[in-house]
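Undergrad:
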Amino acid sequence: MNEKMRKARTLKKISQTDLAKKIGVSRQTINMIETGTYNPTIALCVKICRELGVTLDELFWEG
Amino acid sequence: MFYDERIEKERGKISKNAIVMSALISALIFALRVAVILKNSDNPVYLIHLIPEGAVILAGIVVFALGLFRYLRTPKDEYITEKESIFYGRALVLEVKILSLIFAASLPIALYIGNSEFYIQGKFGNIFSVLVLSVGIYVIFSFRKHNIYFNYSIMDREDYISCVFKNIGRLALWFLLLFGISFASLIFWPVPVRESAALPANIFLILIYYLLLFVFLSLLYLLFSLLEKSSNNTNHFISKSALITLAVSILIYAVYAFLTVMTEANSESEAQAVMLVSALSILKVYVNVAYIMFLSYFGYEFLRQRQSKLFSLGVFIAALSQVVLNIGKEISIHIRDYFISEIMEGGIYFVTMTSDTKLALQIICLLFSFLGLSMVLTALIRQKEIHKLNFIGIVCFVLLMGVEAFLSTQTDYLKVLIYHACAEIAVLTYLFVIVSFIGRKKTEEDEFLLP
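Listed in order, the protein sequences are those of chains A and B. Per the numbering used here, residue 597 is the first one in the first sequence, and the count goes up by one each step. Per the numbering used here, residue 140 is the first one in the second sequence, and the count goes up by one each step.
#1: With 9 Å as the threshold, decide whether the Cβ of ASN306(B) is near any Cβ in chain A.
#2: Which of the three DSSP states, helix, strand or coil, is assigned to TRP657(A)?
#3: Under DSSP, the alpha helix (DSSP H) around LYS284(B) begins and ends at which residues?
#4: Where do the ends of the alpha helix (DSSP H) carrying ASN627(A) lie?
#5: Please confirm whether PHE314(B) and TYR288(B) have their CB atoms less than 9 Å apart.
#6: Say whether chain A places a C-beta atom closer than 9 Å to the C-beta of PHE141(B).
#7: Using a 10 Å radius around the Cβ and a threshold of 16 neighbouring Cβ atoms, would you call LEU362(B) buried or exposed?
#8: Starting from SER611(A), find everything on chain B with Cβ-Cβ shorter than 7 Å and list it in chain order.
#9: Of all the options ARG145(B), PHE318(B), ILE196(B), which has the alpha carbon lying nearest to the alpha carbon of TYR634(A)?
#10: Grab the span of the alpha helix (DSSP H) containing GLN612(A) for me, first residue to last.
#11: Just checking my contact of ALA543(A) with ARG605(A) at CB under 8 Å: how many whole Å lie between their CB atoms?
#12: Candidates SER245(B), LEU211(B), VAL354(B): which alpha carbon is nearest VAL323(B)'s?
#13: Run through chain A and tell me which residues come within less than 8 Å of ASP295(B), C-beta to C-beta.
#14: Taking C-alpha atoms, which residue in ILE610(A), ILE619(A), THR613(A) lies nearest to VAL642(A)?
#15: Report yes or no: is there a C-beta of chain B within less than 9 Å of the C-beta of MET601(A)?
#16: Using the C-alpha atoms, what's the distance from ARG229(B) back to LYS148(B)?
#17: With a threshold of 9 Å between beta carbons, is THR637(A) in contact with chain B?
#18: Counting only the same chain and skipping the five closest in sequence on each side, list residues whose C-beta sits under 6 Å from that of LYS671(A).
#19: Hey, out of TYR395(B), VAL454(B), LEU459(B), ILE520(B), whose CA is closest to GLU563(B)'s CA?
#20: Could you give the distance in angstroms between the alpha-carbon of GLY453(B) and the alpha-carbon of ALA639(A)?
#21: Apart from the five residues on each side of it in sequence, which residues of its chain come closer than 8 Å, Cβ to Cβ, to MET294(B)?
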C-alpha cells in the first residue's frame, strides 16, 4: 500500500480521477499504484511527483 | 495525451494470446474443412472457401514471426517489453482490420464458387461466431481481470456517451467500406457466374448480412460501454446497465425468433428460407455473446466483492458450457460432414448436423449449465441473497433444456423453432428476475460498494 502517495494526493486535494487525467493514465492505474498492486515505471513516477509537487524519494523511496 | 503504460503492457499480452488463439482455432477448422472438401470433390477450386480461415492463420503466423524477429534476440528489459506490448496491441487491431477487408473481398467469390445458399450458414457466420465467442470472451474477461475498461481511453471523459456514439459512427463507415469492397468484388470477379447466383439476390444478401452484423456489433458495444460506465461511476456491479443488457437480449431474441418463424412459414423456397434464417442467426449470436459476457462480468465482480468462489465458479461453468456448445457445434458439423455429406447441385456440400450429434451436445451443455446454475443458487442461498424457493426455477430450467434436447430430435422444424424460442426467452427472463431481485435488495442496503 503506497500510503505516501495517497497522503500527498489528499494534501493537494486532488481526486484519483483528476490526477489520472492530468498525467494521462486511467483512474484504475492510480488506484492500483496506491494500493500497491502495480509497480509503475520511473517515467510514470516522475509524472506523478511533478503533479503532486514532491520528489521521487519522498513518494517512492522505502528506505 | 492518454498513454497508460500499465494498460499498454497488459493489452499487449492479451492481444498476443488472442492472435495465437484465433490462429489455432482457425487452423483446426481449416484442417477439418480441407478434409471435407477434398473428400467430396476433386476440383481444388472449392478450396477458395477457406480464404477467411487461411487469412486468420497467415496473419497469426506473420504477426508472431515479426514479433519474434524483432524482440526475441534482444535482452528483455523494461523498454523492450513496453515496445513489444505496443507492437502486439497494434498488431491485433491491424489484423482485425485487414482480415475484415479480406473477408469482405472473399464473400462474393465464394458466392460464385459453391453453394451460395449454404455458404453463409456453413462458413462465414460460423467462423465469426466461433472467433467472437472464444477469443472475444477471452479478451473481455482478461481486460476485466486486469482492471482495464474496454473504453479506457474515454472512460473519465465528460462526453463519454457521445464518444461511444462517435465510435459507432466510425464502425458504420467501416461497414460501408466493407460493403463497397464486397459489391466491387461481386461485380468485377472474373469467374463465370453460376446461373443460380443472381446478382441482385446476392447484393441483397450481402447488404442484409452487413446490416445485421453492424446492428449486432454496435448494440453489443453500446451495452458494454454502458455496463462499464455504470460500474465505473457507482461501483455497483449489478447496475441498471446489466439489467438493460439482459432485457435487450430478451427483446432481440424475441425479434429473432419471430422473424425466423415468419421466414420459415412464409418463404417460397427452402433455399430462400435457409438464406434468410442464416443471416438472422447473427442476432442469436448476439444474445449468446451478451449472455456469456454478462455472466463472466457478474461472476468476476461477485468473486472480487463478495468473496464467493462457489458463486463465481458456478457462473463460469454455466458460461463456459455455452461457449463449448457453440464451438463444439461448429467442429462437430465438419466432423459429421466428413463422414456423412451430400454433394448438392452447384454446391460442394450440405451442412449435415444430424439430430443425434445435436442431442449429445445439448445434453452435455444441459449437464454443465445445470451444475453451474446449481452452484450459483447454492451460493446465493448460503449468503441469504435469495430464497430457497428459487431452486424451483432451476428445476424448470433443466426441464426446459430437456424439452429442447428432445425437440432437436423432432422433424417438424417450425414447431421446434417456436418451442426453442419460448424456452430461451423463459431462461433469460428467469435470469433477469433473479438479477433484478438481488440488485434491488443490495441497492437498498447499499452493501455492494467496492471496498
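Using N, Cα and C, we set each Cβ at its ideal position, and we do this for glycine too.
TA: In this structure, then:
#1: For this step, residue 306(B) is matched to residue 167 along the second sequence. In terms of beta-carbon proximity, ASN306(B) stays away from the interface with chain A, with every pair separated by 9 Å or more.
#2: Counting from 1 along the first sequence, the entry for residue 657(A) is found at position 61. Looking at TRP657(A) - three-state DSSP - the assignment turns out to be coil, as it is neither helix nor strand.
#3: Within the second sequence, residue 284(B) is the residue found at index 145, counting from 1. Taken as a continuous stretch (DSSP letters only), the alpha helix (DSSP H) holding LYS284(B) covers 276-284.
#4: For the purposes of this step, residue 627(A) is taken as residue 31 along the first sequence, with counting starting at 1. 623-630 is the extent of the alpha helix (DSSP H) around ASN627(A).
#5: For the purposes of this step, residue 314(B) is identified with residue 175 of the second sequence, where counting begins at 1. For the purposes of this step, residue 288(B) is identified with residue 149 of the second sequence, where counting begins at 1. Contact flag unset, no.
#6: Within the second sequence, the letter at position 2 stands for residue 141(B). Closer than 9 Å: yes.
#7: Numbered from 1 along the second sequence, position 223 holds the residue referred to as residue 362(B). Label assigned to LEU362(B): buried.
#8: Numbered from its first residue, the first sequence carries residue 611(A) at position 15. Those within 7 Å of SER611(A) in chain B number zero; the least Cβ separation is about 10 Å.
#9: In the first sequence, residue 634(A) corresponds to position 38, counting from 1. Per the Cα distances, ARG145(B).
#10: One-based indexing of the first sequence puts residue 612(A) at position 16. Per DSSP, GLN612(A) belongs to the alpha helix (DSSP H) from 612-619.
#11: Residue 543(A) falls outside the range modelled here, since chain A spans only 597 to 659, and no answer is possible.
#12: For the purposes of this step, residue 323(B) is identified with residue 184 of the second sequence, where counting begins at 1. Looking at the sequence itself, residue 323(B) is Ala, so the reference to Val does not match. Residue SER245(B) is the option with its Cα nearest to ALA323(B).
#13: Start at 1 with the first residue of the second sequence, and residue 295(B) comes out as number 156. For the C-beta of ASP295(B), the chain A residues within less than 8 Å are, from N- to C-terminus, THR613, ALA616, LYS617, SER622, ARG623.
#14: Indexing the first sequence from 1 puts residue 642(A) at position 46. When only C-alpha atoms are compared, the closest one is ILE619(A).
#15: Counted from its first residue, the first sequence places residue 601(A) at position 5. By the rule that beta-carbons nearer than 9 Å mark a contact, MET601(A) does not touch chain B.
#16: In the second sequence, residue 148(B) corresponds to position 9, counting from 1. In the second sequence, residue 229(B) corresponds to position 90, counting from 1. Near 12 Å, if we compare the C-alpha coordinates of ARG229(B) and LYS148(B).
#17: As a working note, residue 637(A) is residue 41 in the first sequence. At least one chain B Cβ lies under 9 Å of THR637(A).
#18: For chain A, the structure presents residues 597 to 659; residue 671(A) sits outside this window and is missing.
#19: Indexing the second sequence from 1 puts residue 563(B) at position 424. For the residues TYR395(B), VAL454(B), LEU459(B), ILE520(B), the minimum Cα distance to GLU563(B) belongs to TYR395(B).
#20: Here residue 453(B) corresponds to residue number 314 of the second sequence, with the count starting at 1. Here residue 639(A) corresponds to residue number 43 of the first sequence, with the count starting at 1. Their Cα atoms are separated by approximately 42 Å.
#21: As a working note, residue 294(B) is residue 155 in the second sequence. Sequence-distant Cβ neighbours of MET294(B) in its own chain, meaning closer than 8 Å and more than five residues away, are TYR288, GLU367, LYS368, ASN371.
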